[in-house]
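Residue numbers (this note's numbering): 294 to 644. Data first, discussion second: the structure below is written as structure tokens.
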């Protein structure tokens, strides 16, 4: 009998604090889990929203701090952060901001082999808790392995102040898990890809949590933010269990990345994934209409017009999508013809 040689490492957040004035708990959390010098990574706007307060709170607990403002989730910005980490002998990173800031923070921490704390100021996608980072490298947006946050401090009183569009985009991103897990299941059956029932269940649960609470989320109250952030955190944990982004990224994400190339800056990541999920669930023979209805309820786009993207570019993105990650098997297989892509988009009301 062959020896059992399988080895898997899973990293999860140690502490998760979500709720009103959660930021006030940051110093106690850092004192319990960390020591040394902190680098606060922030955006221009998020510095004022929460970054300056994080600096003040940490320094009041006698942590030495440095801060850096980034402008994009690019390798250029990652290199800037890495230089500061090395020069200042940083012991841990605190990412204060939205998706771009969190992605650069966690990837820089991973490259430096130091802990990372996630302090989201908006909930625009499930990256606030995942061990993956979306980084632009040579004008190509790529999903890179990063570090799972040691802790997450999500202050609903701060996130509530972000534009509602960002919250609905984050919810659409999580709802699109329903498409991603179907692709994962398909790849497991047809390509013998490694599969985790637990990660699958967590991913499905996170999407269902958002869908079942759409009426609360659309009120844009702190309670709605709290529910949405919980779903995003569970989705991130699903990726930690799987050790990759499979539970939350399938053909719908490939469609979104194709749109990023064809129609950059037109719509938010989660919005594109939501629309992608409608079409991919149609191909899977799943309840795409139910998903479309919930997306409508939370105010997320469900068609090309609402995305602000021409119909032709939707079709072009569908045709291109399968080539975005050739190593990742999905319902798209070896790709769609232009006619098939147009038909799918029309049948689902996307164009």
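Here a beta-carbon is modelled for each residue, glycine too, at the ideal position from N, C-alpha and C. Quick caveat: nothing in here was measured; it's all calculated off a predicted structure.
### Query
In whole angstroms, what separates the C-alpha of residue 517 from that of residue 509?
For the purposes of this step, residue 517 is taken as the residue at position 224 of the chain shown. For the purposes of this step, residue 509 is taken as the residue at position 216 of the chain shown. If you take the alpha carbons of residue 517 and residue 509, they lie about 5 angstroms apart.
### Message
So if DSSP puts residue 339 in a beta bridge, which residue, or which two residues, is it bridged to?
### Response
To locate residue 339, count along the chain shown from 1; it is residue 46. Answer by DSSP bridge pairing: none, since residue 339 is not bridged.
### Query
If we call anything under 9 angstroms between Cβ atoms a contact, is residue 426 one with residue 436?
Along the chain shown, one-based indexing puts residue 426 at 133. Along the chain shown, one-based indexing puts residue 436 at 143. Cβ distance < 9 angstroms, so residue 426 and residue 436 count as in contact.
### Query
On the three-pair Cβ rule with 8 angstroms, is the stretch 348-368 touching the stretch 330-340?
yes
### Message
Would residue 469 and residue 634 qualify as a contact pair, given that the criterion is a beta-carbon distance under 9 angstroms?
### Response
Here residue 469 refers to the residue found at position 176 when the chain shown is read from its first residue. Here residue 634 refers to the residue found at position 341 when the chain shown is read from its first residue. No. Outside cutoff.
### alpha helix (DSSP H) segment containing residue 357, residue limits
Working through the chain shown from its first residue, we reach residue 357 at position 64. That residue, residue 357, is in no alpha helix (DSSP H); its beta strand (DSSP E) goes 357-362.
### Message
Taking the straight line between their C-alpha atoms, what separation do you get for residue 494 and residue 502?
### Response
As a working note, residue 494 is residue 201 in the chain shown. As a working note, residue 502 is residue 209 in the chain shown. Residue 494 and residue 502: Cα-Cα distance of roughly 12 angstroms.
### Message
Given this structure, state the Cα-to-Cα distance separating residue 343 from residue 481, to the nearest angstrom.
### Response
In the chain shown, the residue the question calls residue 343 occupies position 50. In the chain shown, the residue the question calls residue 481 occupies position 188. Roughly 43 angstroms between the two C-alpha positions.
### Query
When we look at the beta-carbon of residue 424 and count the other beta-carbons within 10 Å, is it buried (16 or more) or exposed?
As a working note, residue 424 is residue 131 in the chain shown. Looking at its Cβ environment, which holds 16 or more other Cβ atoms inside 10 Å, residue 424 is buried.
### Message
Considering just the uninterrupted stretch of the beta strand (DSSP E) at residue 309, what are its terminal residues?
### Response
In the chain shown, residue 309 corresponds to position 16, counting from 1. Segment 308-312, the beta strand (DSSP E) holding residue 309.
#### Entry: Cα-Cα separation between residue 599 and residue 322, rounded to whole angstroms
One-based indexing of the chain shown puts residue 599 at position 306. One-based indexing of the chain shown puts residue 322 at position 29. Approximately 42 angstroms, taken between the alpha carbons.
### Task
Return the residue from the list 350, 357, 399 that minimises the CA-CA distance to residue 368.
For this step, residue 368 is matched to residue 75 along the chain shown. Answer by Cα proximity: 399.
### Message
Suppose the cutoff is 8 angstroms on Cβ atoms and the five residues either side in sequence are ignored; what does the same chain contact list for residue 535 look like?
### Response
Sequence index remark: in the chain shown, residue 535 carries index 242 (1-based). Once the five neighbours on either side are set aside, the close Cβ partners of residue 535 are 489, 492.
### Query
Which partner residues of residue 367 appear in the DSSP bridge assignment?
Here residue 367 is taken as the residue at index 74 of the chain shown, counted from 1. Partner(s): 429.
### Query
If you draw a straight line from the C-alpha of residue 255 to the C-alpha of residue 347, how long is it?
Residue 255 is absent from the structure shown; the chain starts at 294 and stops at 644.
### Query
residue 616: buried (16+ other C-beta within 10 angstroms of its C-beta) or exposed?
On the chain shown, residue 616 is found 323 positions in, with the first residue counted as 1. So residue 616 ends up on the exposed side.
### Query
Between the Cα of residue 448 and the Cα atoms of 476, 496, 520, 439, which residue gives the shortest distance?
As a working mapping, residue 448 is identified with position 155 in the chain shown. The shortest C-alpha separation from residue 448 is found at 520.
### Query
Nearest-angstrom Cα distance between residue 456 and residue 417?
Stepping through the chain shown from its first residue, residue 456 is reached at position 163. Stepping through the chain shown from its first residue, residue 417 is reached at position 124. For the pair residue 456 and residue 417, the Cα-to-Cα distance works out to about 10 angstroms.
### Task
Please state if the CB of residue 544 and the CB of residue 602 are separated by a distance shorter than 9 angstroms.
What you label residue 602 is simply residue 309 of the chain shown in a count that begins at 1. What you label residue 544 is simply residue 251 of the chain shown in a count that begins at 1. No.
### Query
Is DSSP giving residue 332 helix, strand or coil here?
Counted from its first residue, the chain shown places residue 332 at position 39. Residue 332: strand per DSSP, three-state reduction.
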